[in-house]
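Protein chains in written order, with this note's numbering: chain B, 1 to 287; chain H, 288 to 574; chain E, 575 to 861; chain V, 862 to 1148.
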């Protein structure tokens, strides 16, 4: 199964009889061979239908344009589907926004350099210059765009100009600036963020110190899509690590960094392989 | 989605174009509504196709007998499928064989008593009488069939007689007798065993002592289908737990018990929900 | 190392030079042989000192009464220590309070019946009668004390009477009644509770449904000592389990039950082996 | 607690009464303040005693030379102790040997650049030149020493010359050459290796393919000290990751890489913080 000939179809719609048959008939009649299929319904009566489908294209008898048109007309319209098809050959373009912390950025760059990440990293943008060398060592363009209280709007414009046409996915790899509602709406379900998570949750400054003082026994991280409500978007991935009274704030942060980079890298991988459907404020992850 | 109306179809066959379409068309045309589908191919060219499909039967227009016949004739025969269909309403019958260790048995009985296990436990058979009360407290019939070097063949006959018609699944919950090749062949892919697993593996007696002396840092358990080669059948589930130099042989065994009961209970659940396809000496688990 | 001859000393005090020497000299001079020692300081200058020490008593030259007196006079007083000594031979008495959910209760009873729990379970008290048989099958006394809005005070009195002299530890194994401040203060750091934990946290009714709707990817459990602030006492143990969009509320609850019973059983074990020191609102666990 | 003033004492000896007292008295009388202590005995009668002790040196009244001499004469000799003392201020020198795989190397370099690794990386030696840039980007000297069937002895000599005086720890970060018995004996318990681990174990070529064909559900990694018996030295750390039938050999290797780098980095950290005592062919890890 070469990535060169792999396509992926993501569908969600109101559930009802005959959807799998309609989709698989369409693909079969046009020479596509289904190699992986995950389907899930919230409820057969009045629920919602979700499907991820991988198929092979060597014998496909339609151009891409005709495939889109024909699938829309003959299948999607009938079931009022939200759907996307993507071709693994068209590697997604991925931009990374970062501030000073390098752990998540490094994890992404490394996995990418050893071809574990199925994307082209087109740029890294930072409001600090610290990570310029790190990034350029990977032959990735680095843009330093300082942010102040006064220029936030201009900065976003500048970033949007850089991203234009060069970002199918924007990863916030510990980018410590809040994006405006307008920015977020332009990349709906295309911006992934990572943040630490605690049991119980701590509000306010220095959550690691609060976690230490509260004596928590696990700390975690959550990767999610960014919505206009800060840190409240659809959750993609979560994990935790065990800690003890012996951990200092420094240790807690180190452990937190390690869980953050793994949780985010996995979430990014799922997005790039078209394994995620967002529905309402949650995700269906066909991992 | 009521279990009363849920059916599950497991299919494996040589991969080729049109299989998903053929199956889903058949179901659609007979009023079955697919509510979950997992499909996996080892290779689109010359590989093997595996599928698990859940569907709802309220509008099914065929009797069971006709469904079997019709699916075989119109779909399965064409693709030379290995396939089974099962109806959740027909709870599987499950027999448990056990010796003296009660941890796995207890886990199964408990999960069953709180309806987390989707089966009827028809009997517990043991070569010792120790667990009679434990079992009967759950209102499950207990059969004590002592084993000696001389009566092994008779014992197996007696067990087979008890199982006849009352066991769709046989769980070896730490049953310390080796089953004959003949016995195993009668319940192919229907006997699940659990055994401890170590990194590295230890041969010979008292593996926990060997693990202690070797200073291993994890101990694990493997649940697998029983084949004629002891402990070499298709693996269903594995997990490990971390241990340290502070663990005595007693602690190691306690930790081993806890990982064994969880690994086995999960494997049994997957079997009962028809989530497992055996192919060659491995399993496809659509969990 | 027989439990019959094992004693455990837990100490906390302001840190300063010479504490380990003073304690170990005392024990050495009285014939006690230290077999395990864990020590931890928050800060050598102005911090707090915590120590757990296991020693063997066959050659101890003091009666228990003299040991207490002498250690207090010659060591503890000098460093203004909070300290306890306990003898494994004096098995702790453990009472369990439960409502209708049986998963945590069963886990404790089963581990206890296997002798994995180092205590005498003296009673199970419930505000429902459902679990009477379950408990009595283990030859443990069961007391049914119904609770209504009107008799809460009387119920607590009745429970306190039952516990009096028969409970060194009270485990709330999903006991759905809130204990009064007075009750809690009588068993300070001697009542262990378990509750589910979510990332993020959910307030209000039916947190599992909220978790489902929010699409969380892990659910967890927290075992803690009970203080007058509900669910805010010192955390002893936490763990999580991974979940997905496929999990129904029923599945989430089943997974939640499994993590709850393991987290609580481990916390109870640590308490019984004198591995926990409470300091402020957190725990030091020498596990 | 500054690392500048932290010292660590590791002791093993035959168990007997008074050892903790003797050691803690010595330290107390010379102005050392114990801030962490872990002690463990295999058996109080005829067993073996192990202790790790951290102490603060600002008020120490002995020079290092006198500390060594005095501790040996007044304490260690009496109990026939194997012991080492180290000062965190003397950062250990760490050399890395690597072939072509970069995942473990990168993990170490990155943690080191973040100051999560408490050592000076003095060099990276490789039998290939591929990773030269990667290493030099971190300002670490890189030595390329090609190996052929003919020059193995010369290569080892060359490596030993490079290491001489510049390596307190040698990490084999996927170094695919077997070190000679002579080489290993010069760095006893100072060479750490990482290798993949499977349940069950697979012998022969391409274990990942064998694991795929066997359908294993976990793959793992083991970090251990190198002894003359290949991959049989004392185990320091182990972990596993869950895999499924969907994982290709490529995915298995990716998951294997991720578990390898974490398992090794943690093992290296424990070694550098003097948390490991080797006894026979196993380790005591005071983590």
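Note that CB positions come from ideal geometry on N, CA and C, so glycine has one too.
Should residue i be flagged as near chain H, meaning a C-beta pair shorter than 8 Å?
i	result
residue 1077/V	yes
residue 1081/V	yes
residue 1110/V	no
residue 18/B	yes
residue 71/B	no
Cβ closer than 7 Å: which chain E residues qualify as neighbours of residue i?
i	result
residue 403/H	828
residue 393/H	684
residue 301/B	No answer is possible for residue 301/B: the residues shown for chain B start at 1 and end at 287.
State yes or no: is the beta carbon of residue i nearer than 8 Å to at least one beta carbon in chain V?
i	result
residue 245/B	no
residue 572/H	yes
residue 521/H	yes
residue 836/E	no
residue 598/E	yes
At 7 Å on the CB atoms, spell out the chain B contacts of residue i, in chain order.
i	result
residue 1154/V	Lying outside 862 to 1148, the shown extent of chain V, residue 1154/V is not represented and no answer is given.
residue 811/E	217
residue 260/H	The question about residue 260/H has no answer, for chain H in this structure spans 288 to 574.
Which residue comes first and which comes last in the beta strand (DSSP E) that contains residue i?
i	result
residue 619/E	It is not in any beta strand (DSSP E) - residue 619/E carries neither H nor E in the DSSP assignment.
residue 582/E	580 to 588
residue 660/E	656 to 661
Could you confirm whether any beta carbon from chain B is found closer than 8 Å to the beta carbon of residue i?
i	result
residue 1135/V	no
residue 989/V	no
Can you look up residue i in the DSSP assignment and give me helix, strand or coil?
i	result
residue 95/B	strand
residue 935/V	helix
residue 834/E	helix
residue 1143/V	strand
residue 606/E	coil
residue 349/H	coil
residue 273/B	coil
residue 541/H	helix
Just the chain H side, please: which residues come within less than 7 Å of residue i by C-beta, in chain order?
i	result
residue 40/B	323
Looking at the unbroken alpha helix (DSSP H) that takes in residue i, where does it start and where does it end?
i	result
residue 530/H	No alpha helix (DSSP H) holds residue 530/H; DSSP gives it neither H nor E.
residue 24/B	19 to 29
residue 687/E	677 to 687
Taking only beta-carbon positions, decide if residue i is within less than 8 Å of chain E.
i	result
residue 948/V	no
residue 320/H	no
residue 1002/V	no
Name, please, each residue of chain B whose Cβ falls closer than 9 Å to the Cβ of residue i.
i	result
residue 963/V	110, 113, 114
residue 294/H	Within 9 Å Cβ-Cβ: nothing; residue 294/H doesn't reach chain B, min ~12 Å.
What residues from chain H crowd round residue i, counting only those whose CB sits closer than 8 Å?
i	result
residue 1058/V	486, 487
residue 12/B	None at all; the shortest Cβ gap to chain H is about 14 Å.
residue 56/B	331
Which chain H residues are close to residue i, counting only those with a beta carbon under 9 Å from its beta carbon?
i	result
residue 1051/V	Residues of chain H passing the Cβ test: none, with the nearest at roughly 18 Å.
Residues of chain E with a CB under 9 Å from the CB of residue i: which are they?
i	result
residue 937/V	None at all; the shortest Cβ gap to chain E is about 17 Å.
residue 213/B	854, 855, 856
Anything in chain V within Cβ reach of residue i, meaning under 8 Å, just list it in chain order.
i	result
residue 546/H	Correct list: empty, because the minimum Cβ distance to chain V is about 11 Å.
residue 411/H	Chain V residues near residue 411/H: none, gap ~27 Å exceeds 8 Å.
Can you list the residues of chain V that residue i reaches, using a CB-CB cut of under 9 Å?
i	result
residue 240/H	Past the boundaries of the shown model lies residue 240/H; chain H is included only from 288 to 574, so the question cannot be answered.
Just checking residue i against the ligand FAD - is the residue's beta carbon closer than 7 Å to any of the ligand's heavy atoms?
i	result
residue 552/H	This structure lacks the ligand FAD, and indeed carries no ligand of any kind.
Jot down the residue ranges of each uninterrupted beta strand (DSSP E) in the stretch 694 to 754 of chain E, minimum 3 residues, whole runs only, in chain order. Within the stretch 694 to 754 of chain E, the complete beta strand (DSSP E) runs of at least 3 residues are 716 to 718, 743 to 746.
Could you tell me which whole alpha helix (DSSP H) segments of length 4 or greater appear in the stretch 177 to 240 of chain B? 181 to 186, 207 to 214
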